[in-house]
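In my numbering, the protein residues as written are -9 to 40.
From the three backbone atoms N, C-alpha and C, an ideal C-beta is built for every residue, glycine too.
To start, the structure itself, in structure tokens.
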């Protein structure tokens, strides 16, 4: 969550893939922010699993 906020992405907008797609379509986040959020989520998840 902190990593997302740090780059200006509202964590609530990217808490699931459905939300990412929906909020991109609504224009609340850009496709670039959506991809950035996916990368951050993937990285943080991998770090937590390690």
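Legend entry - DSSP state of residue 10 mapped onto helix, strand, coil: Three-state DSSP puts residue 10 in a helix.
Inset, instruction - Can you grab the Cα-Cα spacing for the pair residue 20 / residue 5, in whole Å? - result: Rounded to the nearest whole angstrom, the C-alpha separation of residue 20 and residue 5 is 15 Å.
Inset, instruction - Go ahead and label residue 33 buried or exposed: buried means 16 or more other beta carbons lie within 10 angstroms of its beta carbon, across all protein chains shown. - result: Under this definition residue 33 is an exposed residue.
Legend entry - Spatial distance of residue 39 from residue -3 (CA atoms): Looking at the two C-alpha atoms, the distance is approximately 23 Å.
Inset, instruction - Leaving out five residues on either side along the sequence, give the residues of the same chain with a beta carbon under 8 Å from the beta carbon of residue -5. - result: Excluding positions up to five away in sequence, the list reads 1.
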